[in-house]
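**Q**
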Amino acid sequence: MKVIDFETIRNMGITPLQCYEWVSDMLTKKNETILPAKISMKPMNGVFYNVMPTVLLDDKRVGVKVVTRYPERNPSLESEILLYNLENGELLAILDGTYITAMRTGAVAAHSIKLLAKKDFKTLGFMGLGNTARATMKILEALFPDREMTIKLLKYKNQHEQFKDIFSSNKNLKFEICDTCQQLVKGSDVIVSAVTVFEDDVCEDECFDEGCLLVPIHTRGFTNCDLFFDKIFADDVNHVKGFKNFDKFKSFAEVADVVSGKVPGRESDTERIIAYNIGIAIHDMYYADKIYEMSGKTPEITLNPPKDQFWIK
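Residues in the sequence shown are numbered from 22 upward in steps of one, following my numbering.
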């Protein structure tokens, strides 16, 4: 068994385009997986433990991801992944999931933008400017290296300045700082929210222009949009069917069904679309397997359970 930590993964040189390709590959194979809905446990106010099991039948892998949130911790979200060999039950690796979570989440958001946004989108609004938003932007600039884009950032502490600094070398990006959610949303072709907690909806209906794509990575703050947006997509129906407005969606399908051609995605530049990418474990396990294969000479640790079935004497 290998233990693959955060620094080892970060130093592997995984490119933004690789992150996108791994997400894209997994979406084409979603039907070859077993994917129970995640289990969420909330033992204290603001604290949660999410347990996410999955089986990748085609890749012969089984895994479990555990995500924890402690509001006062930095970062507040952390995770670990167990990766098993489906054929013999061997525990192949324990991986830090923090880097994987940020990059796969950003890649899924970027995939939805490429798939469902207007083809000529140019203005993107970002609220919640931590690792996930930064990963999304890194993958977008790799996917669209020659596109001039206006990036609107919701002011929060000094994160908007840090975000600008990270991407300051890209001369195709123009930045605007917004004081309110309304200012950010109005006029944006794509709205990406990586804010983990909103108590209430953040914008009135009229703030959302025709043709916009909304990507609420952490799902909060946009329940009013459920009722008037033209199409709603999600990465897995079992993860969203408990939403209070699920039965009121005008149109619903999984992103994988758009990828496979079973259902149409965007059909006009006036459709308002939501992509609820809740975060599903198939992406984490596929990333974990790719990283395990890349890990090469990472030292192995052997677990030595008792060989005798009856080991309590």
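Quick reminder that beta carbons are idealized off the backbone N, C-alpha and C, glycines included. It should be emphasised that the depicted structure is a prediction, and the values quoted were computed from it without experimental measurement.
Sort Phe69, Leu116, Tyr177 by Cα distance to Ile322 and report the nearest one.
**A** On the sequence shown, residue 322 is found 301 positions in, with the first residue counted as 1. Ile322 has its Cα closest to that of Leu116, out of Phe69, Leu116, Tyr177.
**Q** Which of the three DSSP states, helix, strand or coil, is assigned to Met33?
**A** For this step, residue 33 is matched to residue 12 along the sequence shown. Three-state DSSP puts Met33 in coil, outside helix and strand.
**Q** By the 10 Å Cβ neighbour count, where 16 or more other Cβ atoms means buried, how is Glu53 classified, buried or exposed?
**A** Reading the sequence shown from its first residue, position 32 is the one you call residue 53. Exposed, by the Cβ-count rule.
**Q** Output the boundary residues of the alpha helix (DSSP H) element that contains Asp305.
**A** As a working note, residue 305 is residue 284 in the sequence shown. Where Asp305 is concerned, the enclosing alpha helix (DSSP H) stretches over 302-315.
**Q** Within the continuous alpha helix (DSSP H) that includes Asp278, where are the two ends?
**A** Sequence index remark: in the sequence shown, residue 278 carries index 257 (1-based). It spans 276-281 - the alpha helix (DSSP H) in which Asp278 sits, taken as one unbroken run.
**Q** Can you look up Gly242 in the DSSP assignment and give me helix, strand or coil?
**A** Translated into positions along the sequence shown, residue 242 becomes position 221. When DSSP states are grouped into helix, strand and coil, Gly242 belongs to the coil group.
**Q** Report the residue ranges of all beta strand (DSSP E) runs contained in full by the segment 114-150; include only those spanning at least 3 residues, in chain order.
**A** 144-148
**Q** Under 6 Å Cβ to Cβ from Asn193, same chain only, skipping five residues before and after it: list those, please.
**A** In the sequence shown, counting from the first residue as 1, residue 193 sits at position 172. Hits under 6 Å: Glu169.
**Q** Given a cut-off of 8 Å, decide if Ala131 and Ile160 are closer than it, judged by their beta-carbon atoms.
**A** As a working note, residue 160 is residue 139 in the sequence shown. As a working note, residue 131 is residue 110 in the sequence shown. Against a cut-off of 8 Å, the Cβ pair of Ala131 and Ile160 comes out as a contact.
**Q** State the beta-bridge partners of Cys40 as determined by DSSP.
**A** Locating residue 40 in the sequence shown gives position 19, counting from the first residue. In the DSSP output, where bridge partners are listed per residue, Cys40 has none listed.
**Q** Rounded to a whole number of angstroms, what is the C-alpha to C-alpha distance between Phe196 and Leu150?
**A** Counting from one through the sequence shown, the residue named residue 196 turns up at place 175. Counting from one through the sequence shown, the residue named residue 150 turns up at place 129. So the alpha carbons of these two residues sit roughly 13 Å apart.
**Q** Would you grab the beta carbon distance between Leu145 and Val213 for me? Rounded to a whole angstrom, and I think it's under 8 Å.
**A** Here residue 145 is taken as the residue at index 124 of the sequence shown, counted from 1. Here residue 213 is taken as the residue at index 192 of the sequence shown, counted from 1. Sure, about 7 Å apart at Cβ, within 8 Å.
**Q** Just to check my reading of the structure: Thr75 and Ser100 have Cβ atoms closer than 8 Å, yes? What is that Cβ distance to the nearest angstrom?
**A** Taking the first residue of the sequence shown as 1, we reach residue 75 at position 54. Taking the first residue of the sequence shown as 1, we reach residue 100 at position 79. That pair is no contact at about 14 Å.
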